[in-house]
Amino acid sequence: MTADAHNVINESVKLEGFGSRDLYRRRERIFTRFVGGFFQRLQFFTGWPLLVGYFALPWINWSQQQAVLFDLAAREFHLFTLTFFPQDLWLLGWLLIIAAFALFTVTTLVGRLWCGFTCPQTVWTAIFMWMEQVAEGPRHTRMRLDNSPWTLNKVRRRLAKHGMWLGWAGLTGLTFVGYFTPIRALAADLPQFQASSWAMFWAVFFTAATYVNAGWLREQVCIYMCPYARFQAAMLDQDTLVVSYDAARGEPRGPRKRTATPEQHASRLGDCINCELCVQVCPVGIDIRDGLQYQCIGCAHCIDACDEVMTKMDYPTGLVGYTTERALSGGKTRWLRPRAVGYASVLLIMITAFSLAVVSRSALEIDILRERGALSQVDASHQTINQYRLKVLNKTQHSQTYSIRAISDAPISVERSERLTSLLDSRAGEALDLPLTLSAPRGALREPSLPVTIELCEVGTRRCDSEQTTFFPAVTP
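Residues in the sequence shown are numbered consecutively from 764, following the working numbering.
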């Protein structure tokens, strides 16, 4: 943005009594410093299961097919022993609502724990930052390298960094597409450019998205693109566990010698030595000492950094730590409170209901549609017949054989044909569309319409599905 354009924006937001508001702020590049600590080890153990699960699941086979495969072309979604179809999309909506309430519950209790430890953006960004450290060195070395002129050493380090970034991003893109296309065939065809055009497009797209989001945008995604950062404040209260700075203990802050005892500075300084280490390790570049900010993702890097400094200074740890606003003001944290109990109760009820819905989900689905034309006809043998279309969906991962029968108080039966015999065979996941003819003796029907139920049952099991329709007798001339 040019200086003139910047001035135009600033002039356009002058408000009476408030002066000028700057709506454009140039991004300041963040050079994070790496420290160890309890929460960094915890992040390692929470992030790696996500990575292993993401990259390994498409390669697992189950019943001679890919265990997790969302086959959009066939409109089948395989999840180990379960197969879902478009008719089951209501379960997906239900699952998304459960995920939302789980996020609400966790946020109310422990703040942005999801963002700091298990969010894919956080995990992938941490990997890219580690690769950057491997290629370009620690924080001070990266800062000097960034400000130095282009040399052979700088080019070599930058190429190594971006090469690792692109390699990891490419593996991420390939794996993501592998959830929608059989990954073994995709991995063999993609390097030879023999994969389908759509598979190649999405692999390149998600490679580029990963490279840009985790390599270049980083904290910008969390601050400006993720809506969670904006509405999280509505779910926090005085008893929510968040990363906080104990200002009563730390202020006034100031540097001092490492050999200084707390008694020597107690009359004029707090425990914060103003080392800025908590700012240097923050992946979003904020100062936690300024209070809780919406940019904070709760990663606890600042806690590990501050505890390390406090240990070296022989001060008590916990100047920056997970605590609540009520605890900082001297009160006692209330864990059981209406909002948290309400979220948790709704979440438990919805998980239970969803589990029951999945377990009790029918593996067979039928639908009956009446053929267009006359409601009924009389054939040469004086049988009244009605024509229908029978749609059968086998939701299992195995071939099935079904028996079919008509259930009614009247003598209505299913007419057998070449395609519809006494037993109906269906392949795994197959959707059948067959003509169905119901017949009854012409003189045996006295009502203007009769309800009839068509029932299909799996041979050898008790699993059945049925659909009710209406049978119309022939109109007497």
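Beta carbons: idealized from backbone N, C-alpha and C, even for Gly.
Rounded to whole angstroms, P883 and N824 show a C-alpha spacing of 24 Å. Between Y1057 and Q995, the C-beta gap is smaller than 8 Å, which places the two residues in contact. E1193 and G1136 have their alpha carbons spaced roughly 28 Å apart.
D1188 and F833 have their C-alpha atoms some 25 Å from each other. Among the bridge pairs identified by DSSP, Q1150 is matched with T1200. CA-to-CA, the gap between E1210 and P1204 works out to about 13 Å. The secondary-structure analysis by DSSP pairs W825 across a beta bridge with Q828. Here Q957 carries a coil assignment [DSSP, helix/strand/coil]. Taking all protein chains in view, the Cβ of T935 is crowded by 16 or more other Cβ atoms within 10 Å, so the residue is classified as buried. Counting C-beta atoms within 10 angstroms of its own C-beta, R905 has 16 or more neighbours from the protein chains shown and is therefore classed as buried. Uninterrupted alpha helix (DSSP H) stretches at least 4 residues long and entirely within the stretch 840 to 903 occur at 852 to 873, 876 to 880, 883 to 899, given in chain order. F833 carries a strand assignment under DSSP once its states are collapsed to helix, strand and coil. Considering only K1158, E1181, R1100, the residue with the shortest C-alpha distance to L872 is R1100.
The alpha-carbon separation between A962 and T973 amounts to approximately 16 Å. Rounded to whole angstroms, D1067 and R804 show a C-alpha spacing of 10 Å. Assignment of P1214 by DSSP, reduced to helix, strand and coil, places it in the strand class. Residue pairing of V984 in beta bridges, as defined by DSSP: absent, with no partner found. Using a Cβ-Cβ distance cut-off of 8 Å, the stretch 1035 to 1047 and the stretch 907 to 915 are not in contact, since fewer than three pairs of beta carbons, one from each stretch, lie closer than that value.
Annotated as distal: A865 and L1119, with beta-carbon spacing of 8 Å or more. Taking every protein chain shown into account, the CB of L1004 has 16 or more other CB atoms within 10 angstroms, so this residue is buried. Comparing alpha-carbon positions, the option among D1002, V897, A1063, D1130 lying closest to R1102 turns out to be D1002. Just measuring C-alpha positions, the residue of A977, C985, D952, R1021 sitting nearest T888 is A977. DSSP, read as helix, strand or coil, puts E1178 in coil. Look at A1120 here: in three-state DSSP terms it is helix.
Around the beta carbon of N916, fewer than 16 other beta carbons lie within 10 angstroms, which makes this residue exposed.
When DSSP assignments are scanned along the stretch 1041 to 1088, the uninterrupted stretches of beta strand (DSSP E) that are 3 or more residues long and fall wholly within it turn out to be 1083 to 1086. For V798, the three-state secondary structure derived from DSSP is coil. Nearest neighbour of V1215 by Cα position, chosen from E895, Y1151, L845, G930, turns out to be Y1151.
Secondary structure note for F994: its alpha helix (DSSP H) is the uninterrupted segment 991 to 994. Between the alpha carbons of R1052 and S1007 lies a distance of about 8 Å.
Residue range 1163 to 1170 is occupied by the beta strand (DSSP E) that includes A1169. Listed as beta-bridge partners of F1234 by DSSP are L1213. Residue pairing for C1227: DSSP places it in a beta bridge opposite C1220. In this structure, the beta-carbon distance from L1153 to I1131 falls below 8 Å. Under the Cβ criterion (8 Å, minimum of three pairs), the stretch 1159 to 1172 does not count as touching the stretch 1138 to 1151. By alpha-carbon distance to R1226, the top candidate from E1218, G1017, A992 is E1218.
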